[in-house]
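These notes are about the structure you will find just below.
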Amino acid sequence: MQLNITARAARWSAAHWKTATALWLAFVAAAVLLGGMAGKKQLSNAESSNGETARAETILAQAGFKTPDGESVIVQGDPRALPVEVQRVLTRLRAQPQVSHLHRTAVSKDGKSALLEFDLTGNPDDGDTEVGPVLKTVANLQARAPTFTIAEFGGSSLDREGNEKVSGNLSRAELTSLPVTFVILLLAFGAFIAAGLPVLLAMSAVFAAIGLDALSSHIWHTSDVASSVILLIGMAVGVDYSLFYVKREREERRRGHGADALIRAASTSGMAVLVSGGTVMIAMAGMLLSGSRDFTALGIASMLVTAAAVVGSLTVLPALLGRLGNRMNRRQTVIQRLKGDHRESSRLWDAILRPVLRHPWLATGASVWALVVLALPALSIHTGMPGMADLPKSIPAVAAYDRIDRAFPGTQIPIDVVVKAKDVDAPPVRSAISALRAKAIATKLMDEPVTVDVNPSRTVADVTLQLRGNGEDARSLQALQLLRHTIVPVTVGRVAEAAVTGDTAGNVDFDTTMKHRFPYVFAFVLGLAFLLLLVTFRSIVIPLTAIVLNLLSVGAAYGVLVWIFQQGHLQGLLGFHSNGAIVTWLPLFLFAILFALSMDYHVFIVSRIKELVDRGMSTGDAVSAGIRTTAGTVTSAAAVMVGVFALFASLDTLDLKQMGVGLAVAVLLDATLIRGVLLPATMKLLGNANWYLPRVLGFLPVLRPAEAS
Numbered sequence: 012m013q014l015n016i017t018a019r020a021a022r023w024s025a026a027h028w029k030t031a032t033a034l035w036l037a038f039v040a041a042a043v044l045l046g047g048m049a050g051k052k053q054l055s056n057a058e059s060s061n062g063e064t065a066r067a068e069t070i071l072a073q074a075g076f077k078t079p080d081g082e083s084v085i086v087q088g089d090p091r092a093l094p095v096e097v098q099r100v101l102t103r104l105r106a107q108p109q110v111s112h113l114h115r116t117a118v119s120k121d122g123k124s125a126l127l128e129f130d131l132t133g134n135p136d137d138g139d140t141e142v143g144p145v146l147k148t149v150a151n152l153q154a155r156a157p158t159f160t161i162a163e164f165g166g167s168s169l170d171r172e173g174n175e176k177v178s179g180n181l182s183r184a185e186l187t188s189l190p191v192t193f194v195i196l197l198l199a200f201g202a203f204i205a206a207g208l209p210v211l212l213a214m215s216a217v218f219a220a221i222g223l224d225a226l227s228s229h230i231w232h233t234s235d236v237a238s239s240v241i242l243l244i245g246m247a248v249g250v251d252y253s254l255f256y257v258k259r260e261r262e263e264r265r266r267g268h269g270a271d272a273l274i275r276a277a278s279t280s281g282m283a284v285l286v287s288g289g290t291v292m293i294a295m296a297g298m299l300l301s302g303s304r305d306f307t308a309l310g311i312a313s314m315l316v317t318a319a320a321v322v323g324s325l326t327v328l329p330a331l332l333g334r335l336g337n338r339m340n341r342r343q344t345v346i347q348r349l350k351g352d353h354r355e356s357s358r359l360w361d362a363i364l365r366p367v368l369r370h371p372w373l374a375t376g377a378s379v380w381a382l383v384v385l386a387l388p389a390l391s392i393h394t395g396m397p398g399m400a401d402l403p404k405s406i407p408a409v410a411a412y413d414r415i416d417r418a419f420p421g422t423q424i425p426i427d428v429v430v431k432a433k434d435v436d437a438p439p440v441r442s443a444i445s446a447l448r449a450k451a452i453a454t455k456l457m458d459e460p461v462t463v464d465v466n467p468s469r470t471v472a473d474v475t476l477q478l479r480g481n482g483e484d485a486r487s488l489q490a491l492q493l494l495r496h497t498i499v500p501v502t503v504g505r506v507a508e509a510a511v512t513g514d515t516a517g518n519v520d521f522d523t524t525m526k527h528r529f530p531y532v533f534a535f536v537l538g539l540a541f542l543l544l545l546v547t548f549r550s551i552v553i554p555l556t557a558i559v560l561n562l563l564s565v566g567a568a569y570g571v572l573v574w575i576f577q578q579g580h581l582q583g584l585l586g587f588h589s590n591g592a593i594v595t596w597l598p599l600f601l602f603a604i605l606f607a608l609s610m611d612y613h614v615f616i617v618s619r620i621k622e623l624v625d626r627g628m629s630t631g632d633a634v635s636a637g638i639r640t641t642a643g644t645v646t647s648a649a650a651v652m653v654g655v656f657a658l659f660a661s662l663d664t665l666d667l668k669q670m671g672v673g674l675a676v677a678v679l680l681d682a683t684l685i686r687g688v689l690l691p692a693t694m695k696l697l698g699n700a701n702w703y704l705p706r707v708l709g710f711l712p713v714l715r716p717a718e719a720s
């Protein structure tokens, strides 16, 4: 019989293992080298923004605006000695070449705090670098005056110290993920070579994708977190695909197929990898419809690493498996030698499946009830971006912000009104800006100082006001709404083009975009996944049940997230303080990622069941045999992902902690309750109806495993 495409690829790779391995290594090396030489093109502020904020940032960028980054230093101590210490700080800071326009702006009512403000002289795009020497100077001043508090806060200092904190956390999680993955695979395979091969393949796919992402960023600019997402997705799918392939190849060898074992594995699990990779890429492509350039960048990065993992799994993996043969099982662990390697099914899953298949109605009802209960909190989901109060207090700039906010409330939350006209110095425009200033201060929701910066061609003015509140609370949001919908339209909006930007405005616009675009992403992902599964399994029921099961899994994950992070449970255990919201970008991101990873398991299991049905086994028996022989593999794959995602749940930043918990919970539920109970129960109930295909769709191609010849 003619071999399918994955079997033909495996046969060629095994026969030319040196060539296949060399080509893969050359591909990875070329991607890494070319990507490193080309460098990355990061998204600009305008590209990363949405709605009115994007319009304002675009006007500023096109006007050649180089508004210097502002920083503040707070000096606190004995009111009698404070003036002398403030003068000493001013003298030292004025000597810094990175500092300009330094002055004392305020003294607190109790006389114990003074606020010094200045601009950085360098390129605003390099503020996190320029601020380094200034931060060092402030630290030295603090060390020499232990009876005073001297601390710095600003956008550049927060970026520098915050990025160092986040990067350190991410690096620790990323480095820890490798030994965690290897240990779990070692327990699953019981042999060092078999456990190491999936990790090596996944990492090579990650390196290749990082290089490809750098190259593609010259067409579609990338995000600064794309590399972390590539690692997250690459380790998940790369290990999954290798695990599915290697497990099936070992199973075929145990059955006595010898040299044909590889081709049989390629024809079955290899095809499942190809289809699964397609569904993952469809889910990731949904992020391209999010309306956010950041999500587009993450979608492209995820598709690149998935494609690399699929290509590697279907080419170099069979080449190495063919070369190693039975040597894959060498260097077995003590655990494996003690328990042996002769069972194709797990005793644990045997015990679970017996009552599930004996009482499918009860199993289905209980599982659905449990998942719906877990999902119920999601009905009250509230999204919002983390504010300053949600950042780790271990970041020095955050601690400085808290001190400034207590001593000088509202002075550190700027909001900008960008005004574009033929001549912003024209009397009507200047009069409108003055009216804007007066009306804004009169609301008691915005404060002085109000600054006006103008570009060299005098066509754009950037009016900066100070919001009361913390930038995320009701007062700040009310101020934004008044500014946009009441004050701007009757002042500068009458005589020029005007748009409001700033962190508060950007968060509101991003939240609005996500809520508006989510239905489009939802429909796109579900629609294309349905079509791919329809063609793969020649059934209209299989894709429908897959979508329902995956939505139950995602809904339960949303519910658990809301229960923990929005309602504030388990704060002590997980080490966070609830802000009453789920991070704005997380629901859409989780939907795409979880749908993709859930499809991995679904395609792998149902492919085995369909294979058995095509060989003449009844659907009921095929469900029992298929689940029993794949459950152990799915459990191992899920254990890897839960272990890796749990590392992210241990990080300090609230958004990454929410992401880690959401992913870990969803994968755990999906691999146990969904795939181990609900899937076999529903397929047992549906029986032959699982494979129903309307006659009108009879033209669909037949995709089934081909026997090795």
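Using the numbering used here, the first residue of the sequence shown is number 12, and each one after it goes up by one. By construction, the Cβ of each residue, glycine as well, lies at the ideal position given by its N, Cα and C atoms. All of these numbers come straight from a predicted model, not from anything done at the bench.
- Here residue 666 carries a helix assignment [DSSP, helix/strand/coil].
- For the options 144, 70, 53, 57, the alpha carbon positioned closest to that of residue 82 is the one of 144.
- Per DSSP, residue 282 is not a residue of any beta strand (DSSP E); the alpha helix (DSSP H) it occupies stretches across 282 to 296.
- Under DSSP, the beta-bridge partners assigned to residue 53 are 233.
- Assigned with DSSP and collapsed to three states, residue 457 falls in strand.
- The alpha-carbon separation between residue 385 and residue 286 amounts to approximately 30 Å.
- Below 8 Å, too few C-beta pairs join the region 137 to 155 and the region 634 to 646 to call them touching: fewer than three.
- DSSP, reduced to helix, strand and coil, places residue 147 within a helical segment of the structure shown.
- At the C-beta level, residue 689 and residue 372 stay beyond 8 Å of one another.
- Taking 8 Å as the cut-off, the Cβ atoms of residue 439 and residue 506 count as close.
- Closest in C-alpha terms to residue 568, from the list 400, 672, 64, comes 672.
- Fully enclosed beta strand (DSSP E) runs of no fewer than 3 residues occupy 425 to 431, 457 to 465 of the region 395 to 468, in order along the chain.
- Using a Cβ distance threshold of 8 Å, residue 678 and residue 656 count as a contacting pair.
- Taking C-beta separations shorter than 7 Å and ignoring five residues to either side along the sequence, the partners of residue 451 in its chain run 457, 476, 494, 498, following chain order.
- Counting along the chain, residue 117 sits inside no alpha helix (DSSP H); it lies in the beta strand (DSSP E) bounded by residues 110 to 118.
- In the three-state DSSP reduction, residue 551 falls in the coil class, being neither helix nor strand.
- In the three-state scheme derived from DSSP, where H, G and I count as helix and E and B as strand, residue 384 is classed as helix.
- When C-beta atoms of the region 700 to 715 are compared with those of the region 538 to 554, three or more pairs fall below 8 Å, so the two segments count as touching.
- Beyond the five residues adjoining it in sequence on each side, residue 53 comes within less than 7 Å, by CB distance, of 232, 233, 235 in the same chain, given in chain order.
- Just so you know, the alpha carbons of residue 401 and residue 21 end up roughly 51 Å apart.
- Counting the other Cβ atoms within 10 Å of the Cβ of residue 483 gives 16 or more, which makes it buried.
- For the set 391, 71, 33, the Cα lying nearest the Cα of residue 508 is the one of 71.
- Rounded to the nearest whole angstrom, the C-alpha separation of residue 107 and residue 84 is 14 Å.
- Per DSSP, residue 473 lies in no alpha helix (DSSP H); the unbroken beta strand (DSSP E) holding it starts and ends at 471 to 478.
- In the three-state reduction of the DSSP assignment, residue 643 falls in the helix class.
- Under DSSP, residue 81 takes part in a beta bridge, and its partners are 130.
- By the beta-carbon neighbour count (other beta carbons within 10 angstroms, threshold 16), residue 407 is buried.
- Taking a C-beta distance under 8 Å as the contact criterion, residue 593 and residue 572 qualify as a contact pair.
- Nearest Cα to residue 133 within the set 122, 111, 312: 111.
- For residue 59 against residue 305, the beta-carbon gap comes to about 6 Å, under 8 Å, which counts as contact.
- In the structure shown, the three-state DSSP call for residue 482 is coil.
- Boundaries around residue 512 are those of the beta strand (DSSP E), 508 to 512, since no alpha helix (DSSP H) includes it.
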